[in-house]
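**Q** The sequence shown begins at 217 in my numbering and counts up by one.
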Amino acid sequence: MILSLIVAYDKNRVIGHGGNLPWNIPADMRYFRDVTRGKPVIMGRKTHESIGRALPKRANIVVTRQIEYKPAEGCVVARSLEEAVEIAKEAAQEVTASAEGFGESKEVVVIGGGELYRQALPLADKIYATEIEAEFPGDTTFPIIDMEEWQIESEKKQKDADTANLNINFVTLLRKK
217 MILSLIVAYD
227 KNRVIGHGGN
237 LPWNIPADMR
247 YFRDVTRGKP
257 VIMGRKTHES
267 IGRALPKRAN
277 IVVTRQIEYK
287 PAEGCVVARS
297 LEEAVEIAKE
307 AAQEVTASAE
317 GFGESKEVVV
327 IGGGELYRQA
337 LPLADKIYAT
347 EIEAEFPGDT
357 TFPIIDMEEW
367 QIESEKKQKD
377 ADTANLNINF
387 VTLLRKK
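1. Do you know whose CA, among Asn228, Val387, Lys375 and Glu306, lies nearest Ile241's CA?
2. Can you tell me whether Ile368 is buried or exposed? The criterion is at least 16 other CB atoms within 10 Å of its CB, across all chains shown.
3. What are the boundary residues of the alpha helix (DSSP H) that includes Ile267?
4. Anyone know if the C-beta pair for Lys342 and Ile218 falls short of 7 Å?
5. Look up Val293 in the DSSP assignment and give the residues it is bridged to.
6. Return the CA-CA distance between Asn385 and Gly290, expressed in angstroms with no decimal places.
7. Would Gly254 be called buried (16 or more neighbouring beta carbons within 10 Å of its own) or exposed?
8. Can you tell me the Cα-Cα spacing of Tyr225 and Lys273, whole angstroms?
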């Protein structure tokens, strides 16, 4: 199974501020939806709480060390990234093509937050990154990507018409073999 990360970050690798995204970029939200739909997604507790619900058309796995944690309906709890990946593998095998839009997925996507990204980056096979050509205030950052270990699979620059002249760059990275 392919372990992927999807992340949006600014020039300083900021990904969060006060538990939320520091920006509202509709094009990035569409990209996130398109990349993750039909795949198991793994998120940290704080990311789950900022979303506030299960993401539709995805198997939702929340990683937390809190023993009594109750996630939103439609989410499963894992105690570690490793356990979450095992749950995702099972979900990908169990879920078949259906009216809900699921199909067997060969990819699981980590969607944040900062701590989970730090744990998952050394294990990841692929990164879907939205690079935002601006600076935002923030208290959570994405780890530095060592480009000696990665190659660019695709890159698409876009001036986001939805967001006052904000330039964004969608980059897909593959780990070098």
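Positions of the beta carbon are idealized from the N, C-alpha and C atoms, including for glycine.
**A** Let me spell this out:
1. Looking at the Cα atoms, Lys375 is the closest of the given residues.
2. Classification of Ile368: exposed, given that the 10 Å Cβ count is below 16.
3. Counting along the chain, the alpha helix (DSSP H) containing Ile267 begins and ends at Arg261 to Ile267.
4. In contact: Lys342 and Ile218 (Cβ atoms closer than 7 Å).
5. Looking at the DSSP assignment, Val293 forms a beta bridge with Val278.
6. Distance between the alpha carbons of Asn385 and Gly290: 32 Å.
7. Label assigned to Gly254: buried.
8. Answer to the nearest angstrom: the Cα atoms are 25 Å apart.
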